[in-house]
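I have placed the structure first, in the form of structure tokens, so that the comments after it can refer back to it.
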Amino acid sequence: VYNGVDLKRFYPRNYKREGITYIGALTKEKSVDTLLKAWKDPWIIGNGPERSNLKKLEGKFFGYRHDTEEILNKSKVLVLPSKKEGFGMVLLEAMACGTPVIARDIPGVNEIVKNDYNGFLFKKDSELKGLIEKILENENLRKKFVKNGLKTVKNFTWEKTAEKVLRIYERVID
Numbered sequence: 742v743y744n745g746v747d748l749k750r751f752y753p754r755n756y757k758r759e760g761i762t763y764i765g766a767l768t769k770e771k772s773v774d775t776l777l778k779a780w781k782d783p784w785i786i787g788n789g790p791e792r793s794n795l796k797k798l799e800g801k802f803f804g805y806r807h808d809t810e811e812i813l814n815k816s817k818v819l820v821l822p823s824k825k826e827g828f829g830m831v832l833l834e835a836m837a838c839g840t841p842v843i844a845r846d847i848p849g850v851n852e853i854v855k856n857d858y859n860g861f862l863f864k865k866d867s868e869l870k871g872l873i874e875k876i877l878e879n880e881n882l883r884k885k886f887v888k889n890g891l892k893t894v895k896n897f898t899w900e901k902t903a904e905k906v907l908r909i910y911e912r913v914i915d
């Protein structure tokens, strides 16, 4: 049973979309350098032990922020290049905000992102730049990812999570 997305906080707003964005911890396993090497000046939201190393590469570093729903709504694409990830809640939050996603094809993440349905999955670092360009250049593809991302999120609301927990309890009790 997964955590739910707060749809009262994360929903599409009519903002100008500008950034290619990463939101999360700045640790080695998050592989943020993959994005910094693939794209000029991405928005990097978060803190961690790798911050000083990553700042040597070109990016806009914003530190830890409480307004991630605002940032996601101002982002053209959310990129999650992690080599290890428990679940990737930020992917669902991005989808809930109508932001297309690109993520590394790893367990947990590939339970959320279905390649070429609600986002892109990549295996090799060298694929990332081309996938970002595809979303930016193809409005129909972007709209498809947004529409299917919003559908995906409906399976990860707090209401759905509560229903799943209740069913588990009912099975245990019976």
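Heads up, the sequence shown is in the numbering used here, so the first residue is 742 and it goes up one at a time. Glycine included, each C-beta is placed from N, C-alpha and C at the ideal position.
Taking a cut-off of 8 Å on C-beta distances, the stretch 836 to 856 does not touch the stretch 784 to 792, as fewer than three cross pairs fall below it. Runs of the alpha helix (DSSP H) lying entirely within the stretch 863 to 890, each at least 4 residues long, are 869 to 878 in chain order. Runs of the beta strand (DSSP E) spanning 3 or more residues and lying entirely within the stretch 804 to 843 occur at 816 to 821, in chain order. Under the 10 Å beta carbon count, Asn814 is surrounded by 16 or more other beta carbons and is classified as buried. From the listed residues Glu868, Glu874 and Asn889, the smallest Cα separation to Gly860 is found for Asn889. Excluding residues up to 5 positions away in sequence, Leu862 and Lys864 lie with their Cβ nearer than 6 Å to the Cβ of Asp846 in the same chain. Here DSSP, grouped into helix, strand and coil, assigns Phe802 to strand.
Under the 10 Å beta carbon count, Ser867 is surrounded by fewer than 16 other beta carbons and is classified as exposed. Exclusion of the five residues before and after Lys796 leaves Phe802 as the residues of its chain whose Cβ lies within less than 7 Å of its Cβ. The C-beta distance from Trp780 to Ile873 rounds to 6 Å, short enough to fall under 8 Å.
The three-state secondary structure of Asn788, taken from DSSP, is coil. Within its own chain, the residues whose Cβ lies closer than 7 Å to the Cβ of Arg754, once the five positions on either side in sequence are excluded, are Asn814, listed in chain order. DSSP places Asn856 within a strand segment (E or B) once states are collapsed to three.
Distance check between Leu819 and each of Lys895, Lys825 and Val773 places Val773 closest, using alpha-carbon atoms only. Judged by beta-carbon spacing, Glu799 lies within the 9 Å limit of Leu777, meaning their Cβ atoms are closer than that value.
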